[in-house]
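Student: If you're matching them up, the sequences are chains A and B in order. Going by our numbering, the letters in the first sequence line up with residues 1 to 154, in that order. Going by our numbering, the letters in the second sequence line up with residues 155 to 308, in that order. Where is the CB? At the ideal position from N, CA and C, for every residue including glycine. Keep in mind the model is a prediction, meaning the values are calculated, not measured. First the structure, then my questions, so here it is.
2 protein chains.
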Amino acid sequence: MESTSTRTDSCAAPPHPHRRPAGQDSYTISEVVAFTGLTAHTLRWYERIGLMPHVDRSHTGQRRYSNRDLDWLDLVGKLRLTGMPVADMVRYAELVREGDHTFGERFELLETTRRDVLARIAELQDTLAVLDRKISFYADAGRLYEQEKTEKAG
Amino acid sequence: MESTSTRTDSCAAPPHPHRRPAGQDSYTISEVVAFTGLTAHTLRWYERIGLMPHVDRSHTGQRRYSNRDLDWLDLVGKLRLTGMPVADMVRYAELVREGDHTFGERFELLETTRRDVLARIAELQDTLAVLDRKISFYADAGRLYEQEKTEKAG
DNA sequence: TATGGCCTTGGAGTGCGCTCCAAGCAAGCG
DNA sequence: CGCTTGCTTGGAGCGCACTCCAAGGCCATA
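Here it is as structure tokens:
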């Protein structure tokens, strides 16, 4: 994925149960839809905008995805969850296509993303604290409300 | 904010330096822009779609925001960071307007949001792990690359 | 042979969250 | 008075990330 040389990215992904072994890894678009949760429209759109490396075709011109493609889609899915714009992911894909001399730039892009993710987690934890305070306020208020009703009734 | 009764939400916010004391809390839209980072367009749009409680007006019809409004905007800002759709925030605002009998529903909405935020944090930490693996891969690859250059040169 | 299912394409459409525009009003200043 | 600044409004427009459409090809089964 990251490398066009023999030195490939061996740190890619944990094993997936539905995957076929190397050599027989040829999935139709609808299989990939089932695996990833993306729509076929989105998969084709990713290709159009340059977010996918070249995808193999059958003799009738239909897409045939490889394990490598699935790995890439996993990464894209993760990056998408961080809120990274698609344009930035396309940039990363371009760097991968350009070869090993872009290692440095890829490194920096990932580092920046990492910092963004850390900041995002911090923001969310901040928000969580606010939510927790509000939730316990409402829990207390709810108890008081129930109590008042009982007192009025009794 | 949460309550129309005397039992108000006392757990709202840490002190903000730029705020004026109760009684003199009357901010123009451009002041609120400076405080919140939102645009005036967005502030007016929030009002149009029902995301703001009623905002005071000056004798000439200009908006005058209160500390209470700023607290509300802080909360909205936090919820926005969680990715909560604006429509859901509008729903929450409606519940607040409807009065104390919606406490239960507000509680549930916040609880659901809390769970979403926890899930989101977990996703991001997952992504962080992937990024860290890739980053260390590129760090190693970069070192190897430098070494090769040196060997060729030497 | 025909019917259905799965796939192909370029291009148009959608929903969200803003973002901006045109036209106009009120206040302050030289 | 004219000019600038800051605000008002309804409605149109924009960018992103899809999402869908129309029209058609290939092929297996009845």
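What is the C-beta distance between A:Ile121 and B:Ile289, in whole angstroms, given that I count them as a contact (C-beta under 8 Å)?
Tutor: Separation of the CB atoms of A:Ile121 and B:Ile289 is rounded to 16 Å, and the pair is thereby denied contact status at 8 Å.
Student: Please name the residues in the region 117-136 of chain A whose beta-carbon is closer than 9 Å to at least one beta-carbon of chain B, in chain order.
Tutor: Val117, Leu118, Arg120, Ile121, Glu123, Leu124, Gln125, Asp126, Thr127, Leu128, Val130, Leu131, Asp132, Arg133, Lys134, Ile135, Ser136
Student: Taking just the CA atoms, how far does A:Pro85 sit from A:Phe35?
Tutor: 23 Å
Student: What residue range does the alpha helix (DSSP H) around B:Leu224 cover?
Tutor: 221-235
Student: Per DSSP, B:Asp210 forms a beta bridge with which residues?
Tutor: The beta-bridge partner set that DSSP reports for B:Asp210 consists of B:Arg218.
Student: Could you tell me how far apart the beta carbons of B:Arg174 and A:Tyr138 are, in whole angstroms, since I believe they sit closer than 8 Å?
Tutor: Going by Cβ atoms, the distance from B:Arg174 to A:Tyr138 rounds to 29 Å, so no, they are not a contact pair.
Student: How long is the line joining the alpha carbons of A:Thr82 and B:Gly177, rounded to whole angstroms?
Tutor: Approximately 42 Å, taken between the alpha carbons.
Student: For B:Ala247, return the contacting residues in chain A, with the cut-off set at a CB-CB distance below 9 Å.
Tutor: Those within 9 Å of B:Ala247 in chain A number zero; the least Cβ separation is about 14 Å.
Student: If A:Val33 sits next to B:Leu278, beta carbons under 8 Å apart, how far is it from one beta carbon to the other, in whole angstroms?
Tutor: A:Val33 to B:Leu278, Cβ: 25 Å. No contact.
Student: Would you call the region 97-115 of chain A in contact with the region 209-216 of chain B, where contact means no fewer than 3 C-beta pairs closer than 8 Å?
Tutor: With the cut-off at 8 Å, the region 97-115 of chain A and the region 209-216 of chain B do not touch.
Student: Using the rule of at least 16 other Cβ atoms within 10 Å of the residue's Cβ for burial, across every protein chain shown, is A:Thr39 buried or exposed?
Tutor: Answer is exposed; the Cβ neighbour count stays below 16.
Student: Considering Cα atoms alone, identify which of A:Arg68, A:His41, A:Gly104 is closest to A:His16.
Tutor: A:Arg68
Student: Can you check which of these residues, B:Arg297, B:Ser184, B:Arg211, B:Lys232, is closest to A:Asp132 by C-alpha distance?
Tutor: Of the candidates B:Arg297, B:Ser184, B:Arg211, B:Lys232, B:Lys232 places its Cα closest to the Cα of A:Asp132.
Student: Using 8 Å for Cβ pairs, my map puts A:Val96 next to A:Leu51. What's the rounded Cβ distance?
Tutor: The C-beta separation of A:Val96 from A:Leu51 comes to about 11 Å, leaving the pair out of contact by the 8 Å criterion.
Student: Since B:Met243 is in the alpha helix (DSSP H), which residue starts that stretch and which ends it?
Tutor: 240-252
Student: Taking beta-carbon pairs under 8 Å, can you tell me which members of the region 99-111 of chain A lie near chain B?
Tutor: Asp100, Phe103, Gly104, Arg106, Phe107, Leu110, Glu111
Student: Step through the CB atoms of chain A and report whether any lies within less than 8 Å of the CB of B:Tyr181.
Tutor: no
Student: Which bits of chain B does A:Thr82 rub up against, with CB to CB less than 8 Å?
Tutor: Leu278, Thr281
Student: With a cut-off of 8 Å, does the C-beta of B:Arg268 fall near any C-beta of chain A?
Tutor: Yes, because at least one Cβ of chain A sits closer than 8 Å to the Cβ of B:Arg268.
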